[in-house]
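> Numbering (this note's numbering), first residue to last: 220 to 579. Pasting a structure below so you can have a look.
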Amino acid sequence: MAMHKAVATVAIRAKLGLIDAQTVPPTGREVRVHVEWTASTPLDLHQNDGGLLVKHPQILGDGIAGKVVEVGPEAKNFVVGDKVFGFAFRENKQKAYQDYATVPETTLGKLPSGFTFQEAVTLPNNTVTIFHSVTKDLGLPLAWPRPTTKNPHADTPILIWGGSSSCGQYALQILSAWGYKNLLATASARHHDYLKSIGARHTFDYRDKDVAQQILKVAPHVPYVLDCIASQQNSLAIIAQVAQGGTRVAALLPVIVRDATDDEAPEYSMDTQGAVKWADGVEARGVRTHFYEEDAFFKEHLQTTVVPELLATGIVKPNKQRIVEGATLLERAQAAMDLLRRKDVSGERLVWRVSDLKLE
Ligand SMILES: NC(=O)c1ccc[n+]([C@@H]2O[C@H](COP(=O)([O-])OP(=O)(O)OC[C@H]3O[C@@H](n4cnc5c(N)ncnc54)[C@H](OP(=O)(O)O)[C@@H]3O)[C@@H](O)[C@H]2O)c1
């Protein structure tokens with residue numbers, strides 16, 4: 220079988236390694252993509268430094284943008300040469316940090332004209348995360364096509380903790396486009412104007428000691444909270460001061476008990492309900508987007524139709540991109556990992572060129 224280069228975890232908290240991976244021909248409805256761009260996410264750090272759901276060597280990355288180079292016998296959405304972007308994660312052959320990824324065609328959409336790979340690759344994993352978490356964990360509808368009638372929850376307060384994160388920015392844009400208009404967001408103050416421009420009605424600085432009281436002053440009862448940070452001390456413990464009986468909290472797992480640093484291993488938990496002391500009647504759920512395909516509509520249409528439409532029609536603007544440079548695939552992957560570990564990411568997505576292969 221043909222081989223190509225890939226970046227993988229080697230051991231917990233070790234430098235990333237360059238490995239030879241099999242170039243897997245697509246079968247059934249799979250397609251093979253030459254991976255040109257990816258976006259690094261905190262999951263890379265959770266996996267490399269925390270060993271979260273990892274068996275070494277594991278190829279990293281779940282967001283790809285590139286060109287289709289081969290289609291399986293039953294694939295019907297794409298032809299060779301199509302520019303595509305998407306989110307896939309199940310096996311090494313699907314992962315992003317390699318020259319070629321072989322993925323189900325349902326995990327890809329066509330790149331809308333007028334957009335670059337760098338812009339598009341910021342969307343797939345976290346727009347899917349928002350559709351999954353809002354509908355399955357918060358229990359709020361996001362029907363497709365978008366309803367034209369007024370949303371009955373137009374005035375219901377919904378708190379987006381971590382509004383400037385990639386997930387938070389997509390949550391604000393998607394929820395407001397679906398008519399959820401009473402959106403509260405926490406972020407550093409320098410991002411407040413931008414978050415208001417993409418749908419936040421009220422913004423709060425999460426570092427303020429009295430941030431919970433500030434939120435309660437604006438919204439005495441907050442029935443829905445999407446925690447895009449899931450830090451035991453720096454988000455969940457504060458949200459617990461806001462949440463009351465009947466509040467539903469959806470936190471993007473893992474719960475971060477201790478962050479990764481250069482000197483210390485991180486500590487994670489998957490227990491949102493037990494992470495902090497909640498008021499009676501608060502339901503705190505842990506979001507796991509890797510189950511989004513259990514929804515048959517999402518499996519078939521979310522990435523093929525909905526996400527490209529969000530981008531093409533301007534319903535969402537891509538996250539701001541910070542291009543990570545490096546002479547090789549491995550250097551770029553390692554540089555992005557080091558930025559994640561230093562928490563040197565604010566209101567932006569780390570994107571970088573993947574394959575060093577020059578195709579004709
Ligand atoms: N389980 C799942 O299904 C799932 C899916 C997607 C993501 N996730 C997880 O969700 C988390 C966020 O992912 P992401 O890619 O959206 O992150 P990201 O964009 O890399 O997050 C960076 C942002 O986090 C903000 N931030 C840091 N600490 C904060 C705090 N205590 N309160 C409020 N904001 C804070 C920073 O805000 P400022 O710059 O404003 O200070 C920064 O803009 C990660 O842990 C990721 O692994 C889980």
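Ideal Cβ placement from N, Cα and C applies to all residues, glycine included.
(1) Where does the unbroken alpha helix (DSSP H) through methionine 556 begin, and where does it stop?
(2) Between which two residues does the alpha helix (DSSP H) carrying glutamine 540 extend?
(3) Say the cut is 7 Å; is the CB of proline 261 nearer than that to a heavy atom of ligand 1?
(4) Contact criterion: CB-CB distance below 8 Å. Does lysine 369 meet it with respect to chain B?
(5) Tell me which residue opens and which closes the beta strand (DSSP E) that alanine 580 is part of.
(6) Tell me, please, which residues DSSP counts as bridged to alanine 227.
(7) Using the Cα positions of alanine 456 and valine 495, report the straight-line distance between them to the nearest angstrom.
(8) For tyrosine 316, name the three-state secondary structure that DSSP assigns.
(9) Assign histidine 411 to buried or exposed, taking buried as 16 or more other Cβ atoms, counted over all protein chains shown, within 10 Å of its Cβ.
(10) Restricting to Cα atoms, I'd like to know which of Val570, Ala396, Phe306 and Glu255 is closest to asparagine 538.
(11) Taking the runs of the beta strand (DSSP E) that are 3 residues or longer, which of them lie wholly in the stretch 384-436?
(12) Compute the minimum distance between the beta carbon of tyrosine 413 and the heavy atoms of ligand 1, and state whether it is under 7 Å.
(13) Can you check DSSP and say which residues form a bridge with lysine 302?
(14) Does the Cβ of glycine 500 lie closer than 7 Å to at least one heavy atom of ligand 1?
(15) Would glutamine 451 and valine 474 be called neighbours here (beta carbons separated by less than 8 Å)?
(16) Are the CB atoms of glutamine 522 and glycine 381 nearer to each other than 8 Å?
(17) I'd like to check one pair, threonine 242 with proline 276: are the Cβ atoms closer than 8 Å?
Quick answer:
(1) Secondary structure note for methionine 556: its alpha helix (DSSP H) is the uninterrupted segment 548-560.
(2) Segment 540-542 is the beta strand (DSSP E) holding glutamine 540; no alpha helix (DSSP H) there.
(3) Yes, Cβ of proline 261 sits closer than 7 Å to a heavy atom of ligand 1.
(4) Among the protein chains of the structure shown there is no chain B, as only one such chain exists.
(5) Since the first residue of the chain shown is 220 and the last is 579, residue 580 is not available in this structure.
(6) The partner list for alanine 227 (beta bridge, DSSP) reads Gly236 and Ile278.
(7) Straight-line Cα distance between these residues: approximately 6 Å.
(8) Shown here, tyrosine 316 sits in coil according to DSSP, grouped into three states, outside any helix or strand.
(9) With at least 16 other beta carbons inside 10 angstroms of its own, histidine 411 counts as buried.
(10) Across the set Val570, Ala396, Phe306 and Glu255, the C-alpha of Val570 shows the shortest separation from the C-alpha of asparagine 538.
(11) Counting whole runs of 3 or more residues, the stretch 384-436 contains the beta strand (DSSP E) stretches 402-405 and 421-423.
(12) Judged by the Cβ position, tyrosine 413 fails to qualify as a neighbour of ligand 1 at the 7 Å threshold, every heavy atom of the ligand being at least this far.
(13) As DSSP reads the structure, lysine 302 sits in a beta bridge with Lys286.
(14) Within the chosen limit of 7 Å, ligand 1 does not reach the beta carbon of glycine 500 with any heavy atom.
(15) Using a Cβ distance threshold of 8 Å, glutamine 451 and valine 474 count as a contacting pair.
(16) One thing to note: glutamine 522 has its Cβ no nearer than 8 Å to the Cβ of glycine 381.
(17) No; because the gap between Cβ atoms is not below 8 Å, this pair is not in contact.
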